[in-house]
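Comments concern the structure below.
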RNA sequence: GGCGGCAUAGCCAAGUGGCAAGGCAGAGGACUGCAAAUCCUCCACCCCCGGUUCGAAUCCGGGUGUCGCCUCCA
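Residue numbers (our numbering): 3 to 474.
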């Protein structure tokens, strides 16, 4: 697989450090609030990347952290009047509920920063040994000028970064870009003992400490949103490589932004949309599909119109799968004819195209096209009058299930069992149709539609499905 | 001031040298008792100007537009 590497600004083959194994780390949420749909893009994207690597046979260890101690956590806890750890518990729980609705699987390790204070302190001590850290009245800073490669990831250099500085700098620091590794406590804040002061870790150091704790000193993939490139990931490199002397991450993968109605999402613009809210109106699987319908590095624009289009598109795929399942229950095996041989050949081709697309820098948009084209062929097959065969239909259906193990947005609906009453109404309608009593038949169809059951008459008999709900 | 991205049909979106994927919307047709679902057909010469090439949406140069980053941020 080739993946774009932010560090080299090129697509590069993914070559794991240890054959067959991938260690992947993604920066997770700061758990001070419900996460928004921009965060959701990242969680979904990396969930799919992780699943795809597993699909390709890698043994993937995926780590995503929770930032459960920092300024935002402390401020919010203060506002609400609860402890920081209570705040963290609450929003970790909310995170798990919302991501589960989006079909995001749990990471292999989901550590909190506060579990790893000892690792963090040990890492800072190592930076002191290497002459990369200095103390100022209980605070500890990273000395960026002592790390020559600083700025490589973001393509910045210290002189120019300095010029653009928009924020008042602490005059005690050796360089304006020096960032805090350890922060001396203020009264009432959560704090831990350290060689320098009672205090707490800086934001950047926690990711270095946790990623290396679980995955070793060199990660295969480090992922995050584009806005983390500078300074967060730049600082992680400085910390980790400064301490170990080894490459920290072989591949840096960054997801593009999500905008709302062409604008950046922000609280001041009032267009801040959480998944928790959106879930009330939009099926989370539609949101998941939407996130995968364009390339992960491109900015995407969220709007009602886009969601409607995604909803319809996904429906097309779901319907195709439903219809195949429905037919599968009514057919037997038999040697395929010429037309069926062609379909099976096309299926093989589709699998190759799917892999080619995903292998080429995780091109989910291209991969989706493969599914749509196969769906059309499958629909055509379902329409033919000669009848279908189990040994043809099943492999096609299995391909959709196989790829959905990676993409994860399909909703199979025909597995459910109908209530007897509804079953009886369907039978009654069938009888009315035989009598050509169209008024009665249509009346029943309308009634069931109101109750969320959609009936479709096919040459093979009536077919039903549950209407898609708007919320999940 | 520095760094980087993007510009393809009404909308969304793939496509890094050889007659422009896919989805949504729209038009016409087929199937249907009527529907639904589905199928078929139609619907772009790729921001502008130069250049390289037998040949460029794809490469190079110059514009224009747009978005983002430069110590809160996925």
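A virtual CB, placed ideally from N, CA and C, is assigned to each residue, including glycine.
Q: Compare the C-alpha of residue 217 against each of 112, 160 and 290 and name the closest.
A: Taking the first chain and counting its residues from 1, one reaches residue 217 at position 215. Of the candidates 112, 160 and 290, the one whose C-alpha sits nearest the C-alpha of residue 217 is 112.
Q.
DSSP has residue 138 in a bridge; who is on the other side?
A. Here residue 138 corresponds to residue number 136 of the first chain, with the count starting at 1. DSSP output for residue 138 lists 141 as bridge partner(s).
**Q.** Beta-carbon gap between residue 290 and residue 100 smaller than 8 Å
**A.** As a first step, residue 290 must be located in the first chain, where it is residue number 288. As a first step, residue 100 must be located in the first chain, where it is residue number 98. No. Outside cutoff.
Q) Whose C-beta lies closer than 6 Å to the C-beta of residue 186 among residues of the same chain, with five residues either side of it excluded? A) Within the first chain, the letter at position 184 stands for residue 186. 140, 141, 199 and 201, listed in sequence order.
Q. Looking at C-alpha atoms only, which residue of 116, 339, 343 and 61 is the closest neighbour of residue 68?
A. Residue numbering aside, residue 68 sits at position 66 when the first chain is read from its first letter. Closest by alpha carbon: 116.
Q. Where do the ends of the beta strand (DSSP E) carrying residue 308 lie?
A. In the first chain, counting from the first residue as 1, residue 308 sits at position 306. Run containing residue 308: none in the beta strand (DSSP E); it sits in the alpha helix (DSSP H), 306 to 330.
Q: With a threshold of 16 other CB atoms inside 10 Å of the CB of residue 472, please say whether the residue is buried or exposed.
A: The sequence position of residue 472 within the first chain is 470, counting from 1. Unreliable positioning characterises residue 472 in this predicted model, as indicated by a pLDDT of 48, which lies under 50. The coordinate reading is nonetheless provided below. Under this definition residue 472 is an exposed residue.
Q: For residue 347, count neighbouring C-beta atoms within 10 Å of its own C-beta (all shown protein chains included) and say buried if the count is 16 or more, exposed if not.
A: What you label residue 347 is simply residue 345 of the first chain in a count that begins at 1. Classification of residue 347: exposed, given that the 10 Å Cβ count is below 16.
Q.
Along the chain, where does the beta strand (DSSP E) containing residue 227 start, and where does it finish?
A. Walking along the first chain from the start, residue 227 turns up at place 225. Taken as a continuous stretch (DSSP letters only), the beta strand (DSSP E) holding residue 227 covers 221 to 227.
Q) Secondary structure at residue 65, three-state DSSP: helix, strand or coil? A) The sequence position of residue 65 within the first chain is 63, counting from 1. Residue 65: strand per DSSP, three-state reduction.
Q: Specify the secondary structure class of residue 24 as computed by DSSP and reduced to three states.
A: Position 22 of the first chain, counted from the first residue, corresponds to residue 24. Residue 24: strand per DSSP, three-state reduction.
Q) Span of the alpha helix (DSSP H) holding residue 123? A) Position 121 of the first chain, counted from the start, is the residue given in the question as residue 123. Looking at the DSSP string, the run of the alpha helix (DSSP H) that includes residue 123 is 119 to 131.
Q: In the DSSP assignment, find the alpha helix (DSSP H) that holds residue 96 and state where it starts and stops.
A: If you number the first chain from 1, residue 96 lands on position 94. Residues 86 to 103.
Q: Please check the pair residue 323 and residue 399, which I expect to be a contact at CB under 8 Å, by giving their CB distance rounded to whole angstroms.
A: By one-based count along the first chain, residue 323 stands at place 321. By one-based count along the first chain, residue 399 stands at place 397. Sure, about 7 Å apart at Cβ, within 8 Å.
Q: Return the chain-ordered list of same chain residues with a C-beta closer than 6 Å to the C-beta of residue 211, the five sequence neighbours on each side being excluded.
A: In the first chain, residue 211 corresponds to position 209, counting from 1. Excluding residues within five positions, the ones whose Cβ falls inside 6 Å are 118, 121, 122 and 125.
**Q.** Sufficient close CB pairs (3 or more, under 8 Å) joining the stretch 328 to 344 to the stretch 246 to 257
**A.** no
Q | residue 393 - containing alpha helix (DSSP H), residue span | A | As a first step, residue 393 must be located in the first chain, where it is residue number 391. First-last of the alpha helix (DSSP H) with residue 393: 392 to 409.
(Q) Can you tell me which residues form a DSSP beta bridge with residue 38? (A) In the first chain, counting from the first residue as 1, residue 38 sits at position 36. According to DSSP, which records beta bridges pairwise, residue 38 is partnered with 276.
Q) Exposed or buried, what is residue 337 when buried is set at 16 or more other beta-carbons lying within 10 Å of its beta-carbon? A) Sequence index remark: in the first chain, residue 337 carries index 335 (1-based). With fewer than 16 other Cβ atoms within 10 Å, it is exposed.
Q. Quick one: what's residue 333 bridged to in DSSP?
A. To locate residue 333, count along the first chain from 1; it is residue 331. Answer by DSSP bridge pairing: none, since residue 333 is not bridged.
Q: Reducing DSSP to helix, strand and coil, say where residue 116 ends up.
A: Walking along the first chain from the start, residue 116 turns up at place 114. Correct three-state label for residue 116: helix.
Q.
Along the chain, where does the alpha helix (DSSP H) containing residue 451 start, and where does it finish?
A. Locating residue 451 in the first chain gives position 449, counting from the first residue. Residues 440 to 452.
Q) How many Å lie between residue 206 and residue 234 at the Cα? A) Working through the first chain from its first residue, we reach residue 206 at position 204. Working through the first chain from its first residue, we reach residue 234 at position 232. Approximately 6 Å between the Cα atoms of the pair.
Q. Candidates 131, 25 and 96: which alpha carbon is nearest residue 110's?
A. The residue labelled residue 110 in the question sits at position 108 within the first chain. Closest by alpha carbon: 25.
Q | Beta-carbon separation (whole angstroms), residue 319 vs residue 373, contact threshold 8 Å | A | What you label residue 319 is simply residue 317 of the first chain in a count that begins at 1. What you label residue 373 is simply residue 371 of the first chain in a count that begins at 1. Sure, about 6 Å apart at Cβ, within 8 Å.
(Q) Could you compute how far the alpha carbon of residue 66 sits from the alpha carbon of residue 219? (A) What you label residue 66 is simply residue 64 of the first chain in a count that begins at 1. What you label residue 219 is simply residue 217 of the first chain in a count that begins at 1. Whole-angstrom Cα-Cα distance: 16 Å.
Q) Between which two residues does the alpha helix (DSSP H) containing residue 379 stretch? A) Residue numbering aside, residue 379 sits at position 377 when the first chain is read from its first letter. Per DSSP, residue 379 belongs to the alpha helix (DSSP H) from 366 to 385.
Q: May I ask which residues mark the beginning and end of the alpha helix (DSSP H) holding residue 358?
A: Indexing the first chain from 1 puts residue 358 at position 356. Start and end: 340 to 361.
Q.
Looking at residue 294: is its Cβ nearer than 8 Å to the Cβ of residue 412?
A. Taking the first chain and counting its residues from 1, one reaches residue 294 at position 292. Taking the first chain and counting its residues from 1, one reaches residue 412 at position 410. In this structure, residue 412 does not lie closer than 8 Å to residue 294 by Cβ.
Q) Got a sec, what are the start and stop residues for the beta strand (DSSP E) residue 73 sits in? A) On the first chain, position 71 is the one that residue 73 refers to. Counting along the chain, residue 73 falls outside any beta strand (DSSP E), though it belongs to the alpha helix (DSSP H) covering 73 to 82.
(Q) Under 8 Å, with one C-beta from each stretch per pair, do the stretch 88 to 97 and the stretch 132 to 151 reach the 3-pair mark? (A) no
Q. Just the Cα atoms here: how many angstroms apart are residue 131 and residue 172?
A. Mapped onto the first chain, residue 131 falls at position 129. Mapped onto the first chain, residue 172 falls at position 170. Cα to Cα, the separation comes out at about 24 Å.
Q: Could you have a look at residue 466 and say whether DSSP puts it in helix, strand or coil?
A: Here residue 466 refers to the residue found at position 464 when the first chain is read from its first residue. DSSP places residue 466 in strand when its eight states are reduced to three.
Q. In whole angstroms, what separates the C-alpha of residue 459 from that of residue 85?
A. Your numbering for residue 459 matches position 457 in the first chain. Your numbering for residue 85 matches position 83 in the first chain. So the two alpha carbons sit approximately 60 Å from each other.
**Q.** Reduced DSSP secondary structure (H/G/I, E/B, other) of residue 188
**A.** Here the question's residue 188 lines up with position 186 in the first chain. Here residue 188 sits in coil by DSSP.
**Q.** Limits of the alpha helix (DSSP H) - the one that residue 237 falls within
**A.** Residue mapping note: residue 237 aligns to position 235 of the first chain, counting from 1. Residue 237 -> alpha helix (DSSP H) spans 236 to 246.
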